[in-house]
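Numbering (this note's numbering), first residue to last: 46 to 244.
Glycine residues also receive a C-beta, built at the ideal position from the N, C-alpha and C atoms.
Let me begin by presenting the structure, written as structure tokens, before commenting on it.
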């Protein structure tokens, strides 16, 4: 039986944007099963004494900006220095990914990556339902139907449960990966994720 890895993520994080494609390659290369769990990262910050980017000390913000530039160059992935719509309310976007994952697991991550690129490359507002419908349509999906599914109470319950589960697993930021009972935090820890999946 193949190993599985639970991927806790936010659709606002540049580190999720950078790590997503490499995570997909690791999953494909190891034959692992990926379990996608979009979470409410602001709630996670509140409950684990963390802070969103805008509340960090200026020196921390400056360093993170430089790190984004370094990773963008290393991975050859474009990134906006100051995205126009960051932060934004990501809850509806997260619920769209959850709704799609329940219908078509293979399509869930491509949509998530497109939403991340919308924030960090295209300067689009992922809190806007019309923008989300457009992004889904660009992926060959019925954006309006997916939006309707995203707004169902059961989908919201899943989003909340994902966040509860993440907190119980010790998650304090994103991206976070759990293999077995072991937690790995950060897209720069993907080598360790791969090692754990191959063990």
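With distance defined between alpha-carbon atoms, name the residue in 91, 59, 143 and 67 nearest to residue 198. Ranked by Cα distance from residue 198, the options 91, 59, 143 and 67 are led by 143.
Shortest alpha-carbon distance to residue 61 belongs to which of 241, 195 and 82? Of the candidates 241, 195 and 82, the one whose C-alpha sits nearest the C-alpha of residue 61 is 82.
State the start and end residues of the unbroken beta strand (DSSP E) segment that holds residue 80. For residue 80, the enclosing beta strand (DSSP E) covers residues 78-83.
The region 89-101 touching the region 153-164, judged by at least three CB pairs closer than 8 Å: Touching, no, given that fewer than three Cβ pairs across the two stretches are closer than 8 Å.
Assigned exposure category for residue 232 - 16 Cβ within 10 Å defines buried: Residue 232 counts as buried, since no fewer than 16 other beta carbons sit within 10 angstroms of its beta carbon.
Could you tell me how far apart the beta carbons of residue 224 and residue 214 are, in whole angstroms, since I believe they sit closer than 8 Å? Incorrect: roughly 11 Å between the Cβ atoms, too far for contact.
By DSSP, does residue 49 sit in helix, in strand, or in coil? In the structure shown, residue 49 adopts extended strand secondary structure according to DSSP, grouped into three states.
Below 8 Å between beta carbons: does that hold for residue 49 and residue 77? Cβ distance < 8 Å, so residue 49 and residue 77 count as in contact.
Does the region 103-116 come into contact with the region 170-189, if we say contact requires no fewer than three beta-carbon pairs (one atom in each stretch) closer than 8 Å? Result no; under three Cβ-Cβ pairs closer than 8 Å.
Using alpha carbons as the reference points, say which of 181, 103 and 170 lies closest to residue 135. The shortest Cα separation from residue 135 among 181, 103 and 170 belongs to 170.
Could you pull out every unbroken alpha helix (DSSP H) segment of at least 4 residues lying fully inside the region 170-204, listed in chain order? For the region 170-204, the continuous alpha helix (DSSP H) assignments of 4+ residues that do not extend past its boundaries occur at 174-183 and 188-195, in sequence order.
Beta-carbon separation of residue 53 and residue 219 under 8 Å? Closer than 8 Å, so yes.
With DSSP as the reference, label residue 230 as helix, strand or coil. Correct three-state label for residue 230: strand.
Since residue 238 and residue 229 should fall inside the 8 Å C-beta cutoff, what is the C-beta to C-beta distance between them, to a whole number of angstroms? At roughly 5 Å, the Cβ-Cβ gap stays under 8 Å, so residue 238 and residue 229 are in contact.
Could you tell me which residues DSSP puts in a beta bridge with residue 221? Looking at the DSSP assignment, residue 221 forms a beta bridge with 53 and 230.
Indicate the three-state DSSP secondary structure (helix, strand or coil) for residue 61 in the structure shown. Helix, per DSSP.
Roughly how many whole angstroms lie between the Cα atoms of residue 130 and residue 184? Whole-angstrom Cα-Cα distance: 21 Å.
Excluding the five sequence neighbours on either side, which residues of its own chain have a C-beta within less than 8 Å of the C-beta of residue 71, listed in chain order? So the list reads 77, 235, 238, 239 and 242, once near-sequence residues are dropped.
Can you give, in chain order, each stretch of the alpha helix (DSSP H) that sits fully within the region 68-139 and has at least 4 residues? Correct list: 86-92 and 103-120.
Report buried or exposed for residue 121, applying the criterion of at least 16 other Cβ atoms within 10 angstroms of its Cβ. Taking a 10 Å sphere around the C-beta of residue 121, we find fewer than 16 other C-beta atoms and assign the residue as exposed.
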